[in-house]
Amino acid sequence: NIPAARDGKHLGFAWGPGDILVYETLYKASGAKGSGCPVIHEVRKDEDIYSPILRKLFNESHHIFVGLQTIREDLPSKNKKPQFVSISKNYRSVIRACMEELQQVAVSTKNTELSTQYGNQVSILLAIELIWNLCEVLFIDAAPAGSLLLHLLDWVRLHKADVDEKAREVLQSESPAEHHDYWDVVVSYVLQGRLEEARQMLVKQATLRPAARNMYKLMDTLLSKMPFYNPGGTQTLTEFDVKWRHWHEEVDRCLQDNSFASNQNLEVICKILVGDEETLLVHKELLSTWYHFLVTRLLFNHPTVKPTELHYYAQSCMTMFLDLRSVPEPLDSILLAAFEFDIHQVIKDCSIALNNWWFVAHLTDLLDHCKLLQSHNLHFGSNLREFLLLEYASGLFTHHSLWQLAVDYFDHCPEFGRVYLELQIERVPLDTERKALKVLRICEQRQMSEQVRSICKIMAMRALRNNRLGSALSWSIRAKDAAFATLISERFLQDYCARGTFSDLDLIDNLGPAMLLSDRLTFLGKYREFHKLYGEKRFSEAAKLLLSLMTAKIAPRSFWMTLLTDALPLLEQKEVIFSAEQTHELMFCLEELTSSLNTAAPGTDRPVQVRVSSHGLNPIADEDIELTKVELLRLALARNLAMAIIKEGTVEV
Numbered sequence: 010n011i012p013a014a015r016d017g018k019h020l021g022f023a024w025g026p027g028d029i030l031v032y033e034t035l036y037k038a039s040g041a042k043g044s045g046c047p048v049i050h051e052v053r054k055d056e057d058i059y060s061p062i063l064r065k066l067f068n069e070s071h072h073i074f075v076g077l078q079t080i081r082e083d084l085p086s087k088n089k090k091p092q093f094v095s096i097s098k099n100y101r102s103v104i105r106a107c108m109e110e111l112q113q114v115a116v117s118t119k120n121t122e123l124s125t126q127y128g129n130q131v132s133i134l135l136a137i138e139l140i141w142n143l144c145e146v147l148f149i150d151a152a153p154a155g156s157l158l159l160h161l162l163d164w165v166r167l168h169k170a171d172v173d174e175k176a177r178e179v180l181q182s183e184s185p186a187e188h189h190d191y192w193d194v195v196v197s198y199v200l201q202g203r204l205e206e207a208r209q210m211l212v213k214q215a216t217l218r219p220a221a222r223n224m225y226k227l228m229d230t231l232l233s234k235m236p237f238y239n240p241g242g243t244q245t246l247t248e249f250d251v252k253w254r255h256w257h258e259e260v261d262r263c264l265q266d267n268s269f270a271s272n273q274n275l276e277v278i279c280k281i282l283v284g285d286e287e288t289l290l291v292h293k294e295l296l297s298t299w300y301h302f303l304v305t306r307l308l309f310n311h312p313t314v315k316p317t318e319l320h321y322y323a324q325s326c327m328t329m330f331l332d333l334r335s336v337p338e339p340l341d342s343i344l345l346a347a348f349e350f351d352i353h354q355v356i357k358d359c360s361i362a363l364n365n366w367w368f369v370a371h372l373t374d375l376l377d378h379c380k381l382l383q384s385h386n387l388h389f390g391s392n393l394r395e396f397l398l399l400e401y402a403s404g405l406f407t408h409h410s411l412w413q414l415a416v417d418y419f420d421h422c423p424e425f426g427r428v429y430l431e432l433q434i435e436r437v438p439l440d441t442e443r444k445a446l447k448v449l450r451i452c453e454q455r456q457m458s459e460q461v462r463s464i465c466k467i468m469a470m471r472a473l474r475n476n477r478l479g480s481a482l483s484w485s486i487r488a489k490d491a492a493f494a495t496l497i498s499e500r501f502l503q504d505y506c507a508r509g510t511f512s513d514l515d516l517i518d519n520l521g522p523a524m525l526l527s528d529r530l531t532f533l534g535k536y537r538e539f540h541k542l543y544g545e546k547r548f549s550e551a552a553k554l555l556l557s558l559m560t561a562k563i564a565p566r567s568f569w570m571t572l573l574t575d576a577l578p579l580l581e582q583k584e585v586i587f588s589a590e591q592t593h594e595l596m597f598c599l600e601e602l603t604s605s606l607n608t609a610a611p612g613t614d615r616p617v618q619v620r621v622s623s624h625g626l627n628p629i630a631d632e633d634i635e636l637t638k639v640e641l642l643r644l645a646l647a648r649n650l651a652m653a654i655i656k657e658g659t660v661e662v
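Laid out in structure tokens, this is it:
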């Protein structure tokens with residue numbers, strides 16, 4: 010109910026991974042004037058991925074999908090077929106489990122709207138399982154004549170379970186044979202080929218009708234003698250066909266002889282056994298669907314039907330069963346296409362009829378592994394399997410947790426999977442560091458270097474804004490972003506100047522080769538190493554490292570005064586630590602620093618001293634502290650030089 014559609018306006022639409030957006034187009038005819046902006050309508054949203062129960066379907070089927078991809082291509086087809094059938098059954102068992110859970114919740118919930126929603130999902134899953142099961146019989150298992158009907162009988166029985174429920178009610182009543190549903194149950198059993206259960210039910214009626222005992226005994230004999238093909242037995246299909254025809258003729262004779270004329274119910278059963286189509290159609294309510302009618306008709310008329318003949322019987326049964334005025338439902342068209350062995354039509358119709366890509370993506374993938382879709386490539390480059398998997402996985406990426414499953418689907422799309430993954434992974438919101446690490450691990454495993462850098466930069470910036478310098482540095486190192494690592498290293502040094510201690514010592518202590526990413530990071534790591542050496546009283550090593558930081562130009566010039574101040578305690582030790590040569594180098598560094606930092610203030614002849622603060626280089630009005638510091642350094646250096654010369658001279662003598 011889109012207003013624009015009713016008003017006859019022009020519409021455009023766009024597919025999203027989880028919905029369809031419809032919008033009005035600003036169409037202007039010649040001379041006409043248009044005004045206003047187009048309105049966007051969300052026509053359909055895929056709510057299935059937000060259902061907790063259906064999420065189990067997505068999770069479980071993902072494991073099956075990944076397992077299917079590991080089946081070796083070089084195995085002979087006869088060895089792979091049992092594996093494919095087993096995988097198909099696994100998919101169906103997952104569908105069944107979700108369906109049963111949804112059914113329970115639909116019944117137990119008191120919310121009418123929720124109950125309706127769950128009921129609709131059950132109906133959809135029922136249809137999905139019905140179609141999948143038929144595709145398994147016809148395409149994957151590819152049952153030949155004889156076995157084909159047995160599989161179709163199992164298919165119908167599985168999806169027509171209301172007979173068992175009705176039978177339980179009848180058997181639990183005081184007098185089952187007189188229950189109003191008794192004959193419906195007996196006829197339903199016969200229609201499904203469950204003749205053993207039908208015989209057991211008829212025994213109850215026979216005991217109540219001693220006069221008609223012979224008639225019931227004859228029916229019991231006919232039911233017990235009906236042959237069923239045994240694929241694992243020694244009997245050939247031709248031998249079975251001959252045996253079945255003899256039995257069929259015997260049933261027909263009983264009908265012609267009016268053996269059951271005095272008992273209408275037994276006569277109906279006899280007509281069903283002989284395959285009388287008129288009688289079958291009278292029991293439409295018990296059959297309930299045209300495909301049940303098809304299987305029953307084949308059972309009692311053409312038990313050795315070949316796969317190639319199915320389409321003829323399917324079409325005629327649908328025509329006979331459905332009212333001429335009624336239009337076939339989408340499910341009818343899909344099943345008919347399957348009976349016609351038109352796989353691509355099945356997939357196409359399912360894509361249109363169903364509310365998400367889960368079913369068509371997984372079924373197509375399985376059929377493709379069975380080499381049943383090789384001839385079908387799409388005009389825009391990707392084959393049908395890959396196209397559907399890409400659409401399904403793109404939908405999963407809109408969910409806050411299911412996106413992780415989508416990665417494996419993209420991995421198994423050789424043509425466009427990598428491109429889709431690169432585009433989608435960038436849209437995953439990095440809400441937490443844990444989630445960011447998950448995304449990062451996925452990208453690193455697939456050598457997606459551009460995405461790795463992007464994620465690390467985003468997380469580094471976020472950490473920096475929150476003043477978490479350690480985390481920011483860790484992310485920038487991971488991104489191999491030298492400029493950003495330099496910026497964060499500067500912040501670490503500013504923090505040190507302000508507080509006199511380093512934060513995140515564990516990270517700085519364990520930088521290892523990562524410190525070579527930028528000069529400033531190298532300095533940060535080495536400067537921290539100096540503090541460790543000093544703390545361990547390894548003064549000679551600490552002094553050598555401190556000096557090398559300045560002479561090798563690793564330390565920024567703005568930090569030299571801090572380093573020279575750090576040298577003061579070493580210069581004032583009783584033992585001479587800096588050699589004469591090292592002391593000369595320190596003196597040279599001090600003079601170089603003071604000469605470059607002492608600049609004349611505008612409008613005066615008096616120099617303005619510059620010192621390092623927590624905010625970098627800032628001019629100050631009162632330079633007495635800095636002057637005192639410089640004088641103390643000069644004095645300590647001169648004293649140390651004298652002591653070093655005496656010591657070295659004494660050693661030489």
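To get our numbering, take the position in the sequence shown, counting from 1, and add 9.
For each residue, glycine too, the CB sits at the ideal point set by N, CA and C.
Selection from the options that minimises the alpha carbon distance to residue i
i, options, result
"Q273", "I96, P85, V196", "V196"
"L2", "F539, K119, H255, P185", "This structure gives no information on residue 2, because the portion of the chain shown stretches from 10 to 662."
"E550", "K89, F539, R177", "F539"
"E395", "H409, V639, H408, D377", "D377"
"H168", "H301, H255, I278, P85", "H301"
"Q130", "Q113, K119, E145", "Q113"
"V639", "K656, L602, A651", "L602"
"L663", "R537, L520, E435, T560", "Only positions 10 to 662 of the chain appear in the structure, and residue 663 is not among them; the question remains open."
"R643", "L282, L134, M570", "M570"
"S458", "R477, E435, R64", "E435"
"I563", "L135, Y321, S527", "S527"
"L439", "F425, R177, M470, Y429", "M470"
"I451", "F67, L430, E442, N475", "L430"
"F149", "L449, L382, L411", "Looking at the sequence shown, residue 149 is not Phe but Ile. Checked all of L449, L382, L411; the closest Cα to I149 is L382."
"S498", "R508, C506, L482", "L482"
"H311", "N475, A154, A176", "A154"
"V172", "P85, A115, Q324, Y191", "Y191"
"N99", "I73, L641, G404, L111", "I73"
"E600", "E400, L573, D332, L340", "L573"
Inter-residue spacing [alpha-carbon to alpha-carbon] between residue i and residue j
i, j, result
"N142", "H292", "25 Å"
"L264", "A402", "59 Å"
"W164", "K489", "59 Å"
"I9", "T121", "This structure gives no information on residue 9, because the portion of the chain shown stretches from 10 to 662."
"A491", "L363", "51 Å"
"Y209", "R166", "Residue identity check: residue 209 is Gln in the sequence provided, not Tyr. Near 18 Å, if we compare the C-alpha coordinates of R166 and Q209."
"W253", "L231", "12 Å"
"D374", "E338", "26 Å"
"A494", "D504", "15 Å"
"L646", "M596", "7 Å"
"V621", "C598", "Because the pLDDT at V621 is just 41, under 50, the model does not fix this residue reliably, and the value given afterwards should be weighed accordingly. Roughly 16 Å between the two C-alpha positions."
"R575", "A552", "In the sequence as presented, Arg is not what sits at residue 575; that position holds Asp. Going by the C-alpha atoms only, they are around 10 Å apart."
"R262", "T317", "31 Å"
"I104", "M224", "45 Å"
"E442", "M468", "8 Å"
Three-state secondary structure assigned by DSSP to residue i
i, result
"N664", "Past the boundaries of the shown model lies residue 664; the chain is included only from 10 to 662, so the question cannot be answered."
"N392", "strand"
"V304", "helix"
"G426", "helix"
"T510", "coil"
"E338", "coil"
"H624", "With a pLDDT of 41 at H624, under the threshold of 50, the predicted position of this residue should be treated as unreliable, though the coordinate-derived value follows. Reduced to three states, the DSSP call for H624 is coil."
"A609", "Low confidence applies here, because A609 scores a pLDDT of 37, under 50, leaving its location unreliable; read the following figure in that light. Of the three classes helix, strand and coil, the one that applies to A609 here is strand, per DSSP."
"Y238", "coil"
"E183", "coil"
"F67", "helix"
"R218", "coil"
"W366", "coil"
"A651", "helix"
"K466", "helix"
"Q433", "helix"
"R3", "Past the edges of the chain, shown from 10 to 662, lies residue 3, and the structure says nothing about it."
"R566", "helix"
Integer-rounded CB distance, given that residue j should sit under 8 Å from residue i
i, j, result
"C422", "L398", "5 Å"
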